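Mapping of the sequence shown onto UniProt numbering: position 400 corresponds to residue 400, and the numbering continues sequentially without gaps. Every residue gets a Cβ at the ideal spot worked out from N, C-alpha and C, and that includes glycine. Since the model is a prediction, treat every value here as computed from it, not as a measurement. Heads up, the thing below is written out as structure tokens.
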Amino acid sequence: MTTLLKNAVDKALQSENGHLDLFLRFLLGLSLETNQTLLRGLLPQTATSSHRTNEIIKYIKRKIRENPSPEKSINLFHCLNELNDHSLVQEVQTYLNTRVYGRLSGAKLSPAQWSALVFVLCECNLTEESCVTLASALSSNSNLRKLDLSKNNLKDSGVKLLSSSLKSPECKLQILSLESCSFTCEGWIALVKALKSNPSSYLRELNLSNNKPEESGVKELSYLLEDPQCKLEKLHFISEILPFYRLQNCSITGEAFAALVKSLKSNPSYLRELNLNWNNISDLGVNEFSNLLKNPQCQLEKLLLEFCNITEAGCWALVKALKSNPSNLRELNLKYNKLGEEGIKKLTDLLEDPHYKLKKLLFKCFTVFINSLCNPLHLQELDLGGNKLGHSGVKQLSHLLEDPQCKLEKLQ
Numbered sequence: 001m002t003t004l005l006k007n008a009v010d011k012a013l014q015s016e017n018g019h020l021d022l023f024l025r026f027l028l029g030l031s032l033e034t035n036q037t038l039l040r041g042l043l044p045q046t047a048t049s050s051h052r053t054n055e056i057i058k059y060i061k062r063k064i065r066e067n068p069s070p071e072k073s074i075n076l077f078h079c080l081n082e083l084n085d086h087s088l089v090q091e092v093q094t095y096l097n098t099r100v101y102g103r104l105s106g107a108k109l110s111p112a113q114w115s116a117l118v119f120v121l122c123e124c125n126l127t128e129e130s131c132v133t134l135a136s137a138l139s140s141n142s143n144l145r146k147l148d149l150s151k152n153n154l155k156d157s158g159v160k161l162l163s164s165s166l167k168s169p170e171c172k173l174q175i176l177s178l179e180s181c182s183f184t185c186e187g188w189i190a191l192v193k194a195l196k197s198n199p200s201s202y203l204r205e206l207n208l209s210n211n212k213p214e215e216s217g218v219k220e221l222s223y224l225l226e227d228p229q230c231k232l233e234k235l236h237f238i239s240e241i242l243p244f245y246r247l248q249n250c251s252i253t254g255e256a257f258a259a260l261v262k263s264l265k266s267n268p269s270y271l272r273e274l275n276l277n278w279n280n281i282s283d284l285g286v287n288e289f290s291n292l293l294k295n296p297q298c299q300l301e302k303l304l305l306e307f308c309n310i311t312e313a314g315c316w317a318l319v320k321a322l323k324s325n326p327s328n329l330r331e332l333n334l335k336y337n338k339l340g341e342e343g344i345k346k347l348t349d350l351l352e353d354p355h356y357k358l359k360k361l362l363f364k365c366f367t368v369f370i371n372s373l374c375n376p377l378h379l380q381e382l383d384l385g386g387n388k389l390g391h392s393g394v395k396q397l398s399h400l401l402e403d404p405q406c407k408l409e410k411l412q
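Here it is, written out as structure tokens:
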């Protein structure tokens, strides 16, 4: 059993997209002695549960000390939490209590302790009052490069306070996440104006997902993006629209989207990833966006358009644009759109174009796709989740995989 759990930890750490993280926590929770009475008839009793738990705790701590990515570290702390081990977290909390006002200036923590600190701060019910201290720290020659305040109730007042620190040339923040922070157009505009006022800003990634910018907020953002001094590479906009610039699920309407596309056309050279999932872009919006994709200066590598109300006409406009500038896009998500048979066929024609180097494709309508596809020259990853393949679909897919020219490396 211990070997199984260690292997599960290793597999989760090896996963590129974290798809095993929750499964690992669930599995470790089941391994606790308190849950063994329910599973006694299913699991071999090769060692006492307490001995096994202590061994796997030591193994997870060793993995944390190996300093994996921040996301992996945080998941390992969740795993320790499932096993009722809070020693590393308590160690950091004790250390903080010895600091004057809990300040971290000059703190000497190991990578494992820094990870524990991040775990402590995740979703920690910060409010707008907390932003006073944070803003002061950011504008005082701080070495902080990444700040994730997601799922804290900062509201407009808190975001305004943070925005004031972004104006400072001393602020070296590169990644800022304010997902689900309950702010509206007012906070949104304050944030954008702060970034516009500091052309030397280090900020490269901004996550504004699941807030309510309204059209005026999005238009203000578009003015920032068209500034040639703006070097944002990733913008998350879930619930409203925009790229790594993540505008996912931001409910932006046609007029605001048009302003956004216009700004990206005027300054297309930095944007690499655009996430517009779950926005009602429709064919009209895709037509606007297609003109951006035709621009030879467009460096977009990842385009996510899941559940965007795109039909066959929009798919056709997208394919034509990509054919005219095929060199950069590597990942395309068109899941849960009504592309129709003709739209899918146009898409497969694109995949067979030797100049088009798409490596990852996510979509529904498998049957039409597999019947149309002859030679996907560069495709390395295919996500067919949500498709009802059936026996015949699996058989057709196996024929594709047997083709010596097929370069698929990952199939979901």
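Asked: Does DSSP put residue 352 in a helix, in a strand, or in coil?; Found: coil
Asked: From the DSSP output, in three-state form, read off residue 462 for me.; Found: This structure cannot speak to residue 462, because the chain is shown only from 1 to 412.
Asked: Please report the distance separating the alpha-carbon of residue 27 from that of residue 72.; Found: 17 Å
Asked: Can you check whether the CB of residue 220 is closer than 8 Å to the CB of residue 189?; Found: yes
Asked: Rounded to the nearest angstrom, how far is the Cβ of residue 172 from that of residue 202, given a contact under 8 Å?; Found: 5 Å
Asked: The beta strand (DSSP E) spanning residue 205 covers which residue range?; Found: 205 to 207
Asked: Whole angstroms are fine: how far does the CA of residue 206 sit from the CA of residue 347?; Found: 31 Å
Asked: For residue 200, does the count of other Cβ atoms within 10 angstroms reach 16, so buried, or fall short, so exposed?; Found: exposed
Asked: Pick helix, strand or coil for residue 281, following the three-state DSSP scheme.; Found: coil
Asked: Whole-angstrom Cβ separation of residue 65 and residue 8, contact assumed at under 8 Å?; Found: Their Cβ separation, rounded to whole angstroms, is 19 Å, which puts residue 65 and residue 8 out of contact at 8 Å.
Asked: Note down the Cα distance separating residue 427 from residue 268, rounded to an integer number of angstroms.; Found: Residue 427 lies beyond the residue range present for the chain, which begins at 1 and ends at 412; the question has no answer from this structure.
Asked: How would you call residue 98, buried or exposed, if buried means at least 16 neighbouring beta carbons within 10 angstroms?; Found: exposed
Asked: Relative to the C-alpha of residue 354, which residue among 16, 332, 323 is closest?; Found: 323
Asked: Note down the Cα distance separating residue 337 from residue 25, rounded to an integer number of angstroms.; Found: 33 Å
Asked: Buried or exposed for residue 23, going by 16 or more other Cβ atoms inside 10 Å?; Found: exposed
Asked: Can you list, in chain order, the residues of its chain with a C-beta nearer than 6 Å to that of residue 158? Leave out the 5 residues immediately preceding and following it.; Found: 128, 131
Asked: Give me, in chain order, the residues of the same chain whose beta-carbon lies closer than 6 Å to that of residue 6; leave out the 5 immediate sequence neighbours on both sides.; Found: 59
Asked: Tell me the rounded alpha-carbon separation between residue 339 and residue 181.; Found: 34 Å
Asked: Quick one: residues in its chain with C-beta nearer than 7 Å to the C-beta of residue 10, no 5 flanking neighbours on either side, listed in chain order?; Found: none
Asked: Among 330, 349, 333, whose alpha-carbon lies nearest the alpha-carbon of residue 320?; Found: 349
Asked: Quick check: what's the CA-CA separation for residue 332 versus residue 403?; Found: 23 Å
Asked: Taking the alpha carbon of residue 326 as the point to measure from, which residue in 87, 298, 178 has its own alpha carbon closest?; Found: 298
Asked: What would DSSP say about residue 175, mapped onto helix, strand or coil?; Found: strand
Asked: For residue 270 and residue 214, which I take to be in contact (beta-carbon distance under 8 Å), what is that distance rounded to the nearest angstrom?; Found: With a Cβ gap of about 25 Å, residue 270 and residue 214 do not count as contacting.
Asked: Check the C-beta distance from residue 310 over to residue 266 and give it rounded, since I have them as a contact under 8 Å.; Found: Between residue 266 and residue 310 the Cβ distance is about 25 Å, and since that is not below 8 Å, they are no contact.
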